[in-house]
Amino acid sequence: MHWGIENSLHWRLDIAFREDESRIRKGNGAENLAILRHIALNLLEKEDTAKVGIKNKRLMAGWDDSYLEKVLAGLAS
C-alpha cells in the first residue's frame, strides 16, 4: 500500500512538474525544489474551480495572474 501511494505521488509530480528531468543535484537545491513542488501540487489539487488536470492548472496559473492568486490564496469561488 505504501508503494502504491508513493508511486502515485511521484507519477503526478513527474507529469505536472517533469520532476524526473530536473538537473538540480548540488547542495540542498533538489530537496528545496521537491518541497516547493509538493506545496504547489497540494495548492493545485485544492483549487477546484477549474475542472482540468494538475498540469493544465499549473499552465493556467502561469498564464493568468488572477487564477494564480486564487491558487496561492487557496480560495475556491
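Residue numbering for the sequence shown follows numbering that gives the first Met the number 0, beginning at 0 and increasing consecutively. We put the beta carbon where it would ideally sit given N, CA and C, even for glycine. Owing to the predicted nature of the structure, the values given are computational and were not obtained by experimental measurement.
Backbone secondary structure at residue i - three-state DSSP
i    : result
A49  : coil
K56  : helix
K69  : helix
E18  : helix
S76  : Only weak support exists for where S76 lies, its pLDDT of 45 falling under 50; the value from the coordinates is given anyway. DSSP places S76 in coil when its eight states are reduced to three.
G28  : helix
I105 : Coverage of the chain is limited to positions 0 through 76, which leaves residue 105 absent and any answer about it impossible.
Test item: CB-CB of residue i and residue j under 9 angstroms
i   : j   : result
A33 : R57 : no
K54 : G73 : no
L71 : L42 : yes
Nearest residue (CA-CA) to residue i, options the options
i   : options               : result
H37 : A49, A15, D47 and K50 : A15
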